[in-house]
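To keep things clear, I will list the structure first and then write my remarks on it.
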Amino acid sequence: MSGFEYLKLNIHYGGDTLIKDDVFDYVRGSLKKDMLMDPDLMIWSIFEDFCKKNGVSGEVEQVWYKLPHEDK
1094 MSGFEYLKLN
1104 IHYGGDTLIK
1114 DDVFDYVRGS
1124 LKKDMLMDPD
1134 LMIWSIFEDF
1144 CKKNGVSGEV
1154 EQVWYKLPHE
1164 DK
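Be aware that the sequence shown starts at 1094, since it is given in this note's numbering, and climbs by one per residue.
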């Protein structure tokens, strides 16, 4: 076990990523909040299945993440 029971994810999808003045931002799109996932069982296909279930067309191209204490 990794020491974490669950990992809480907020997934932004269907939008665009921008870098302006050295600040990363995600604009437009949708948000799915507070998804709980077992980090020991997290695999790439979970993100692909998420896209299918939420009507996002195409392949998963990138996964960006940040820690809760990090700003945009």
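In this text, a Cβ means the ideal position worked out from N, Cα and C, and glycines have one as well.
Neighbourhood of residue i by C-beta distance below 6 Å, restricted to the same chain and skipping five residues each side
{"i": "H1105", "result": "Y1119, G1122 and L1124"}
{"i": "E1141", "result": "V1153"}
{"i": "K1126", "result": "N1103"}
Euclidean distance between Cα positions of residue i and residue j
{"i": "G1108", "j": "V1149", "result": "10 Å"}
{"i": "I1139", "j": "K1146", "result": "10 Å"}
{"i": "C1144", "j": "K1159", "result": "20 Å"}
{"i": "L1163", "j": "D1133", "result": "Before going on, a small fix: residue 1163 reads as Glu here, not Leu. In a straight line, the C-alpha of E1163 is about 23 Å away from that of D1133."}
{"i": "Q1155", "j": "W1137", "result": "11 Å"}
Secondary structure of residue i, DSSP reduced to three states
{"i": "D1127", "result": "strand"}
{"i": "D1133", "result": "coil"}
{"i": "D1109", "result": "strand"}
{"i": "D1142", "result": "helix"}
{"i": "M1094", "result": "Here the model assigns M1094 a pLDDT of 46, short of 50, so the residue's position is not dependable, and the following value carries that caveat. Of the three classes helix, strand and coil, the one that applies to M1094 here is coil, per DSSP."}
{"i": "D1118", "result": "strand"}
Contacting residues, own chain, Cβ-Cβ under 8 Å from residue i (five flanking each side not counted)
{"i": "M1128", "result": "K1101, L1102, N1103 and I1104"}
Bounding residues of the beta strand (DSSP E) (the contiguous stretch that carries residue i)
{"i": "N1103", "result": "L1100 to Y1106"}
{"i": "Y1158", "result": "Segment: none, Y1158 is in no beta strand (DSSP E) and carries neither H nor E."}
Whole-Å CB distance - residue i paired with residue j, under 8 Å assumed
{"i": "Y1099", "j": "M1135", "result": "Rounded, the Cβ-Cβ distance is 10 Å, inconsistent with contact."}
Cutoff 8 Å: residue i Cβ touching any chain B Cβ
{"i": "G1122", "result": "Among the chains in the structure shown there is no chain B, since it carries only a single protein chain."}
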